[in-house]
Amino acid sequence: MSEVVDHLAEMTGFRDRDVMDVTLVCALRDLLEPLSVAIFRCVGDAGEQRWLTRARLGADDAVATADPLWSDPAGLPLLQDYPQRLDCMHSRAVVQGELPAWADKAEQFISLFPIATDREVVGVLEVISTQRMSPKAQRMVSSVLRIYHNFQGLLDYSERDTLTGLLNRKTFEDSFLKAVSELPARAILADTDDGRRHEGSSPRYFLGVIDIDHFKQVNDRFGHLIGDEVLLLLSRLMRSSFRFHDLLYRFGGEEFVVLMRCEDELDAAHAFERLRLNTEQYAFPQIGRITVSIGFTQVRIEDSPASAFERADKAVYHAKDSGRNQVHSHAELVLAGKMSEQAQLSAMELF
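If you're matching positions, the sequence shown starts at 1 in the UniProt record's numbering and goes up one per residue.
Set out below in structure tokens:
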């Protein structure tokens, strides 16, 4: 019992979800001594949903492995490729059985447990062992998962906007600094077939600021309840317009922020334009049509959260001054002579 308590104390000692998932599989491996333990999450758009490995640990593995958060969904296995996992999600119950014949693993058993939020089942915990899991072991795993679920709920409460369910402003800085830490100190150069040196592949992050046009008029004409409904519906449009791993925030009022990883500025522009168009074409109940103005910028190695936000925010103001319902890149505005670079801001100025 003391070993279980120690693992639970370790698991709930972190506020980082990645670390929590790794700690959970480590704890269950130590407690159950199976062949492997893994957490799989369901990601992607409806009809094209995939399995993302959040953490996996084999019996002899020194460290857990996981799919990168920024994985290309096309490279992940489809949900239907693993019917036992799907059965577990749909039934919201423990599923046990032998590994399927195609797995070519004799005398191995699989135990699957649903991982749920307050609203939906989002993934499964998979345990593979040489023996069928006993009822006592099942109860222990289910109890650990209840604690895991409750702690995830506490994190959601502290990290998410209560109206829209998007991430809130206070979580932004940590995510931003984590993204900056992944940027190379200088451009990575790679040899190509033409014998020249070109900039190689490296992570690029973009920060976008989204502002609802004339939102005050919505509140004044229709009331704050309808205004809240607009915010909620826009958050849903954002989820459908961006990828599952893009980080979406509500900063307060009618202001939203997106932090995402893209190949280049053109890809980022296309993503923001997709949201602008989806919003323009959506029929909002009672009020009809609304539009958004969007500004974005590439995140730089020397950036603070405030400096990157300020550049994107300036591009938003340019969009509003130019007629609203537009997407503008700060870098393009500077290049066109419509805006100048500002001095670097300290993190204290906005945050």
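We put the CB at the ideal spot given by N, CA and C, even for glycine.
- If you run the structure through DSSP and keep just helix, strand and coil, what is Val299? In the sequence shown, the residue the question calls residue 299 occupies position 299. Three-state DSSP puts Val299 in coil, outside helix and strand.
- Bridge partner(s) assigned by DSSP for Phe256: Residue numbering aside, residue 256 sits at position 256 when the sequence shown is read from its first letter. Ile210, Arg250, per the DSSP bridge assignment.
- Item | Rounded separation between Asp18 and Arg54 - CA only | Residue numbering aside, residue 18 sits at position 18 when the sequence shown is read from its first letter. Residue numbering aside, residue 54 sits at position 54 when the sequence shown is read from its first letter. Going by the C-alpha atoms only, they are around 7 Å apart.
- Query: Taking the C-alpha atoms as reference points, what is the distance between Ser340 and Ala268?
  - Reply: Against the sequence shown, residue 340 aligns to sequence position 340. Against the sequence shown, residue 268 aligns to sequence position 268. About 21 Å.
- Do you know offhand how far Ser71's Cα is from Leu247's? Sequence index remark: in the sequence shown, residue 71 carries index 71 (1-based). Sequence index remark: in the sequence shown, residue 247 carries index 247 (1-based). Going by the C-alpha atoms only, they are around 14 Å apart.
- Between the CA atoms of Arg85 and Asp161 - distance to the nearest angstrom: Stepping through the sequence shown from its first residue, residue 161 is reached at position 161. Stepping through the sequence shown from its first residue, residue 85 is reached at position 85. Taking the straight line from one Cα to the other gives about 30 Å.
- Item | Sequence-distant residues of its chain with Cβ nearer than 6 Å to Gly58 (five each side left out) | Walking along the sequence shown from the start, residue 58 turns up at place 58. The answer, listed in chain order, is Ser36.
- Message: Quick check on Asn168: does DSSP put it in helix, strand or coil?
- Response: Looking up residue 168 in the sequence shown gives position 168. In this structure, Asn168 counts as strand in the three-state DSSP scheme.
- Identify the continuous alpha helix (DSSP H) that holds Ala306 and give its terminal residues. Within the sequence shown, residue 306 is the residue found at index 306, counting from 1. Counting along the chain, the alpha helix (DSSP H) containing Ala306 begins and ends at 305-321.
- To the nearest angstrom, report how far apart Asp220 and His214 are at their CA atoms. Here residue 220 refers to the residue found at position 220 when the sequence shown is read from its first residue. Here residue 214 refers to the residue found at position 214 when the sequence shown is read from its first residue. Each residue's Cα considered, the two are about 10 Å apart.
- Query: So does the stretch 326-337 actually touch the stretch 258-277, counting three or more Cβ pairs closer than 8 Å?
  - Reply: yes
- Message: Three or more C-beta pairs under 8 Å: does that hold for the stretch 123-130 against the stretch 22-42?
- Response: yes
- Query: Is it a yes or a no for the stretch 238-245 touching the stretch 289-309, going by three-plus beta-carbon pairs under 8 Å?
  - Reply: no
- Message: Would Leu163 and Asp228 qualify as a contact pair, given that the criterion is a beta-carbon distance under 7 Å?
- Response: As a first step, residue 163 is located in the sequence shown; it is residue number 163 there, counting from the start. As a first step, residue 228 is located in the sequence shown; it is residue number 228 there, counting from the start. Yes; because the gap between Cβ atoms is below 7 Å, this pair is in contact.
- Query: Considering only C-alpha positions, which residue in the set Gln80, Ala27, Val63 is nearest to Gln49?
  - Reply: In the sequence shown, residue 49 corresponds to position 49, counting from 1. Of the candidates Gln80, Ala27, Val63, the one whose C-alpha sits nearest the C-alpha of Gln49 is Gln80.
- Task: Could you give the DSSP three-state label for Gly337: helix, strand or coil?
- Result: One-based indexing of the sequence shown puts residue 337 at position 337. Coil, per DSSP.
- Message: Using C-beta distances below 8 Å, list every residue in its chain close to Asp264, excluding the 5 sequence neighbours before and after it, in chain order.
- Response: Residue 264 sits at position 264 when you count from the first residue of the sequence shown. Excluding residues within five positions, the ones whose Cβ falls inside 8 Å are Arg204.
- Per-residue burial, Val63 [other beta carbons within 10 Å of its own, 16 or more giving buried]: By 1-based counting over the sequence shown, the position of residue 63 is 63. Exposed: under 16 other Cβ atoms inside 10 Å.
- Gln281 versus Arg29 - alpha carbon distance: On the sequence shown, residue 281 is found 281 positions in, with the first residue counted as 1. On the sequence shown, residue 29 is found 29 positions in, with the first residue counted as 1. Going by the C-alpha atoms only, they are around 50 Å apart.
- What are the boundary residues of the alpha helix (DSSP H) that includes His149? The residue given as residue 149 occupies position 149 in the sequence shown. Per DSSP, His149 belongs to the alpha helix (DSSP H) from 135-159.
- Query: Could you give the distance in angstroms between the alpha-carbon of Ser142 and the alpha-carbon of Phe296?
  - Reply: Along the sequence shown, read from residue 1 onward, the residue named residue 142 stands at position 142. Along the sequence shown, read from residue 1 onward, the residue named residue 296 stands at position 296. Taking the straight line joining both Cα atoms gives about 44 Å.
- Query: Whose C-beta lies closer than 8 Å to the C-beta of Leu99 among residues of the same chain, with five residues either side of it excluded?
  - Reply: Here residue 99 refers to the residue found at position 99 when the sequence shown is read from its first residue. Result list for Leu99: Lys105, Gln108, Phe109, Ile110, Ile128, in chain order.
- Which residues mark the beginning and the end of the beta strand (DSSP E) in which His328 is found? By one-based count along the sequence shown, residue 328 stands at place 328. Residues 327-329.
- In the DSSP assignment, find the alpha helix (DSSP H) that holds Arg236 and state where it starts and stops. Counting from 1 along the sequence shown, the entry for residue 236 is found at position 236. Taken as a continuous stretch (DSSP letters only), the alpha helix (DSSP H) holding Arg236 covers 224-241.
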